[in-house]
Amino acid sequence: MKSMARFILPGALGVLLVSAGAEAQPSPGSNYNVQTMNFDLWCQEEAGLPPDRCDKRLPKDEEVFEAYRAKVEAYEIPYLQRRNEEARINRVLLHNDPIDNPLKNDPARQRQDPNQPPLHSPP
């Protein structure tokens, strides 16, 4: 019984750790504001079809819409990733320069805990 527990406990612990690690990681694309596409809007605005035909939702039109949506979605996530990375670089490297914005000029940034209210108002 002890030898069996010696193999089961590490295995169970390993499964628990792997599942907890996978749960802690955000799923790709979960932080991006991906817009859903609407067939009716696409049909009238992008394809330029009359409303009567859009209401019929022909299988041919559905296929064209699905192909269009797949093409847009293939580019949307990489575009949003690149845009977020550029915003991060802009925020961290370009606008967080201590030479241009020294901490002595901004007492609020000197505090250790940014969530703590200031002790006194700056003059």
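Numbering (this note's numbering), first residue to last: 221 to 343.
All C-beta atoms in this analysis are idealised placements derived from N, C-alpha and C, irrespective of residue type, glycine included.
- In the DSSP annotation of this structure, the continuous segment of the alpha helix (DSSP H) that includes CYS274 starts and ends at 271–276.
- C-alpha of ASP272 to C-alpha of VAL312: approximately 52 Å in a straight line.
- Counting along the chain, no alpha helix (DSSP H) covers ASN253, and no H or E run does either.
- Under the three-state reduction of DSSP output, ALA294 falls in the helix class.
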